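Chemist: Residue numbers (the numbering used here): 138 to 716.
C-beta: ideal position from N, C-alpha, C; glycine also.
All figures in this text were calculated on a predicted structure; none of them were measured in a lab.
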Ligand code: DGT
Ligand code: CA
Ligand code: CA
Ligand code: ZN
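#1: May I ask you to check if the CB of residue 341 is nearer than 7 Å to at least one heavy atom of ligand 2?
#2: Please confirm whether residue 378 and residue 312 have their CB atoms less than 8 Å apart.
#3: Assuming residue 348 and residue 310 are in contact, meaning their beta carbons sit under 8 Å apart, how far apart are those beta carbons, in whole angstroms?
#4: Is the beta carbon of residue 686 closer than 8 Å to that of residue 324?
#5: Drop a sphere of 10 angstroms on the beta-carbon of residue 691, count the other beta-carbons inside from all chains shown, and report buried for 16 or more, exposed for fewer.
#6: DSSP three-state call for residue 515: helix, strand or coil?
#7: Can you say whether residue 289 is buried or exposed, counting buried as having 16 or more other CB atoms within 10 angstroms of its CB?
#8: Determine the burial state of residue 472: buried for a count of at least 16 other Cβ atoms within 10 Å of its Cβ, exposed for fewer.
#9: Let's see if you can read the secondary structure: which residues bound the alpha helix (DSSP H) around residue 270?
#10: May I ask which residues mark the beginning and end of the beta strand (DSSP E) holding residue 364?
#11: Given a cut-off of 8 Å on the beta-carbon distance, is the pair residue 371 and residue 384 in contact?
#12: Would residue 527 pass as a contact of residue 558 if the rule is Cβ separation under 8 Å?
#13: Assuming residue 697 contacts residue 474 under a Cβ cut-off of 8 Å, what Cβ separation, rounded to an integer in Å, is found between them?
#14: Taking any heavy atom of ligand 3 as the mark, which residues have a C-beta closer than 6 Å to it, listed down the chain?
#15: Leaving out five residues on either side along the sequence, give the residues of the same chain with a beta carbon under 7 Å from the beta carbon of residue 551.
#16: Would you grab the beta carbon distance between residue 210 and residue 145 for me? Rounded to a whole angstrom, and I think it's under 8 Å.
#17: Pull up the distance between the alpha-carbon of residue 281 and that of residue 531, whole angstroms please.
#18: Would you call the CB atoms of residue 358 and residue 340 closer than 8 Å?
#19: Touching or not, the segment 453 to 462 and the segment 493 to 501, by the rule of three or more beta carbon pairs under 8 Å?
#20: When you measure from the CB of residue 258 to every non-hydrogen atom of ligand 4, does any distance come out below 7 Å?
#21: To the nearest angstrom, how far is the alpha carbon of residue 604 from that of residue 715?
#22: State whether the segment 178 to 185 contacts the segment 254 to 264, with contact taken as three or more CB pairs (one from each stretch) at a distance under 8 Å.
#23: For ligand 4, I want to know if residue 527 counts as a neighbour, meaning its beta carbon is within less than 7 Å of at least one of the ligand's heavy atoms.
#24: I need the DSSP call for residue 485, collapsed to helix, strand or coil.
#25: Indicate, with yes or no, if ligand 4 has a heavy atom lying under 7 Å from the CB of residue 650.
#26: Taking the alpha carbon of residue 623 as the reference point, which residue from 652, 601 and 606 has its own alpha carbon closest?
#27: Please report the distance separating the alpha-carbon of residue 533 from that of residue 589.
#28: Could you spell out where the alpha helix (DSSP H) holding residue 418 opens and where it closes?
#29: Which value, in whole angstroms, describes the spacing of the CA atoms of residue 654 and residue 224?
#30: Could you have a look at residue 387 and say whether DSSP puts it in helix, strand or coil?
#31: CA-CA distance, residue 566 and residue 608?
#32: At what residue ranges does the segment 647 to 687 contain a whole run of the alpha helix (DSSP H), taking only runs of 4 or more?
#33: Nearest to residue 233 by CA position, among 215, 307, 253 and 217, is which residue?
#34: From the DSSP output, which residues share a beta bridge with residue 422?
#35: Rounding to the nearest angstrom, what Cα-Cα distance links residue 392 and residue 667 in this structure?
#36: Could you give the first and the last residue of the continuous alpha helix (DSSP H) run that contains residue 535?
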């Protein structure tokens, strides 16, 4: 077996880490890391190069000494220096280095002073506040270590729903081309439209299980077949993403769909209801238990989801609600919301053009909105304070207003609403004077700076901004970016109450990396009577398609058509925008 470049790089990186923990010479450590990077970025196998007699020391960042060591790794698969280091440095110390903020020096110090040998020790030391007592550490570092551990423990690579969408759609299409396939659905969190998805769970009914399994494992994007059977197979795609495929009998399909759509908490809740009715419920069906003369259990439902829910006296629960957050009780009382649908949306109220950081002209964006059949589109380029190129001052906003007037005369069937995405400054004022804001149809107001303010200050800043009579919509309310940036500290409930009092609308930003407000926030907004606007924050024509992710999130937040402002016709919308 040839040694892969990634394995060589791993060994070099590990060596560097262990040397660092030992407190070795910085240059030496850096040399190992540099060599690892070089090897990783090679377009051919270092193993093959050595075999062909090439001199690795000609590569950037690899000297004679390292070239010799790599040659040794390649030819023997072992690395004596690393083996020696393993004997000197406890294995757990390297894990500690993966906690954000923990370099070799800190690891070494904690090991020597506190005998911290692994993550568990680190946790204990932090909880006992021993770390802050160490020289050069202090309370802040201790706190950030605790947070780092928490982040690491909850981190499992989950993909944003939009990315999974790009994976799932062609794969489902490919599988359904197998003629014997009758039903096919993607279940799991993907069907519930959660903002990120851990793995994809596909269910099919198919006369011949082996045939669809063969097709599945031969899919061009499959990197590795983890397991292949007649009823269940698992593969890893090139992206590292896992897909499970299950083949089911027709009579169980509905039950399987319920079971594998989840969530787990929802499944537990409905099974409890079945049990109260003396029914057994699993992925194969709903069964009457043996009683009296009948020795065998009897299947009374399983073919369709509807039938399954009906059998336990619940109305059909849409997948997006299946989180055990009150939907089971509501289904029992026939009080489920009638969730909003993509077709209910009549316009987009957060759209950028090339005047600021968009990629398309005003005309292109308006035409794209028209193609979607929208009744109106709100153009909202950036104000100046935000750190994007070409933010608008008063003069350039006037130019934008004139350009919209001019274009409106030419286009028919869609109304262009004049807006702006205006920054909320630290003191709660807006980035442009009232004298020009008053000439707009509406504003989208956002926090793009000073994310680190205290919860109280951040909340106060936004509430103060909402006092401005020209504040229409609070954009991406928590500022989080999925997998990238935590929300800033803000009291969302207080913000929502403030919005309600002032008749301000709140955005559900449909950008798949934002989806902000999130599902829980939407539900709270609805309960408090705050109207939501679902907007795409489009920077290109194709971005308008993100609306479906926003609607998915809105459905998870129990929103109905009436809860969402941009389901209204233009006249009604104008009334809502007026405060
Ligand atoms: P993910 O993949 O982490 O985004 O989330 P899910 O919900 O797709 O979870 P996954 O793929 O582990 O399992 C798919 C569904 O199968 C899950 O939503 C509910 C069901 N399921 C899995 N394990 C269990 C279990 O132990 N008990 C019950 N009742 N249901 C389970
Ligand atoms: Ca899953
Ligand atoms: Ca799964
Ligand atoms: Zn924007």
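Modeler: Concretely, from the data shown:
#1: Mapped onto the chain shown, residue 341 falls at position 204. Checking every heavy atom of ligand 2 against the Cβ of residue 341, none is found closer than 7 Å.
#2: Locating residue 378 in the chain shown gives position 241, counting from the first residue. Locating residue 312 in the chain shown gives position 175, counting from the first residue. Taking 8 Å as the Cβ cut-off, residue 378 and residue 312 do not qualify as a contacting pair.
#3: Counted from its first residue, the chain shown places residue 348 at position 211. Counted from its first residue, the chain shown places residue 310 at position 173. In fact, because the Cβ distance is near 17 Å, the residues do not count as touching under 8 Å.
#4: By one-based count along the chain shown, residue 324 stands at place 187. By one-based count along the chain shown, residue 686 stands at place 549. Residue 686 sits away from residue 324, with the two beta carbons spaced by 8 Å or more.
#5: Position 554 of the chain shown, counted from the first residue, corresponds to residue 691. With 16 or more other Cβ atoms within 10 Å, it is buried.
#6: Position 378 of the chain shown, counted from the start, is the residue given in the question as residue 515. If DSSP states are grouped into helix, strand and coil, residue 515 belongs with the strands.
#7: The residue labelled residue 289 in the question sits at position 152 within the chain shown. With fewer than 16 other Cβ atoms within 10 Å, it is exposed.
#8: Taking the chain shown and counting its residues from 1, one reaches residue 472 at position 335. Residue 472 is exposed by the Cβ-count criterion.
#9: Along the chain shown, one-based indexing puts residue 270 at 133. Residue 270 -> no alpha helix (DSSP H), and no H or E assigned at all.
#10: The sequence position of residue 364 within the chain shown is 227, counting from 1. Segment 359 to 365, the beta strand (DSSP E) holding residue 364.
#11: For the purposes of this step, residue 371 is taken as the residue at position 234 of the chain shown. For the purposes of this step, residue 384 is taken as the residue at position 247 of the chain shown. Going by C-beta atoms, residue 371 is not nearer than 8 Å to residue 384.
#12: Translated into the one-based positions of the chain shown, residue 527 becomes position 390. Translated into the one-based positions of the chain shown, residue 558 becomes position 421. No; because the gap between Cβ atoms is not below 8 Å, this pair is not in contact.
#13: Translated into positions along the chain shown, residue 697 becomes position 560. Translated into positions along the chain shown, residue 474 becomes position 337. Right, the Cβ-Cβ distance comes to about 5 Å (below 8 Å), so this counts as a contact.
#14: 325, 336, 338 and 381
#15: The residue you call residue 551 lines up with position 414 of the chain shown. Here the set comprises 503, 506, 507, 511, 512, 513 and 514.
#16: For the purposes of this step, residue 210 is identified with residue 73 of the chain shown, where counting begins at 1. For the purposes of this step, residue 145 is identified with residue 8 of the chain shown, where counting begins at 1. That belief holds up - the Cβ atoms of residue 210 and residue 145 are roughly 6 Å apart, short of 8 Å.
#17: Translated into the one-based positions of the chain shown, residue 281 becomes position 144. Translated into the one-based positions of the chain shown, residue 531 becomes position 394. Between residue 281 and residue 531, the C-alpha separation is close to 42 Å.
#18: If you number the chain shown from 1, residue 358 lands on position 221. If you number the chain shown from 1, residue 340 lands on position 203. Going by C-beta atoms, residue 358 is not nearer than 8 Å to residue 340.
#19: no
#20: As a working note, residue 258 is residue 121 in the chain shown. No, since every heavy atom of ligand 4 falls outside the 7 Å radius drawn around the Cβ of residue 258.
#21: One-based indexing of the chain shown puts residue 604 at position 467. One-based indexing of the chain shown puts residue 715 at position 578. Roughly 14 Å between the two C-alpha positions.
#22: Taking 8 Å as the limit for Cβ pairs, the verdict is that the segment 254 to 264 does not touch the segment 178 to 185.
#23: Residue mapping note: residue 527 aligns to position 390 of the chain shown, counting from 1. Checking the Cβ of residue 527 against ligand 4 gives no.
#24: Locating residue 485 in the chain shown gives position 348, where the first residue counts as 1. Residue 485 falls in the strand class under three-state DSSP.
#25: Numbered from 1 along the chain shown, position 513 holds the residue referred to as residue 650. False, no ligand heavy atom lies under 7 Å from that Cβ.
#26: On the chain shown, position 486 is the one that residue 623 refers to. Comparing Cα-Cα distances from residue 623 to each of 652, 601 and 606, the minimum goes to 652.
#27: The residue you call residue 533 lines up with position 396 of the chain shown. The residue you call residue 589 lines up with position 452 of the chain shown. Taking the straight line from one Cα to the other gives about 30 Å.
#28: Taking the first residue of the chain shown as 1, we reach residue 418 at position 281. Where residue 418 is concerned, there is no enclosing alpha helix (DSSP H), although the beta strand (DSSP E) it sits in stretches over 416 to 419.
#29: Counting from 1 along the chain shown, the entry for residue 654 is found at position 517. Counting from 1 along the chain shown, the entry for residue 224 is found at position 87. Between residue 654 and residue 224, the C-alpha separation is close to 51 Å.
#30: Along the chain shown, read from residue 1 onward, the residue named residue 387 stands at position 250. The answer is helix: DSSP assigns residue 387 an H, G or I state.
#31: On the chain shown, residue 566 is found 429 positions in, with the first residue counted as 1. On the chain shown, residue 608 is found 471 positions in, with the first residue counted as 1. Computed Cα separation, rounded: 10 Å.
#32: 656 to 665
#33: Counting from 1 along the chain shown, the entry for residue 233 is found at position 96. Cα-wise, what sits closest to residue 233 is 253.
#34: As a first step, residue 422 is located in the chain shown; it is residue number 285 there, counting from the start. 419, per the DSSP bridge assignment.
#35: Counting from 1 along the chain shown, the entry for residue 392 is found at position 255. Counting from 1 along the chain shown, the entry for residue 667 is found at position 530. Using only the alpha carbons, I get a separation of about 37 Å.
#36: Residue numbering aside, residue 535 sits at position 398 when the chain shown is read from its first letter. Taken as a continuous stretch (DSSP letters only), the alpha helix (DSSP H) holding residue 535 covers 531 to 547.
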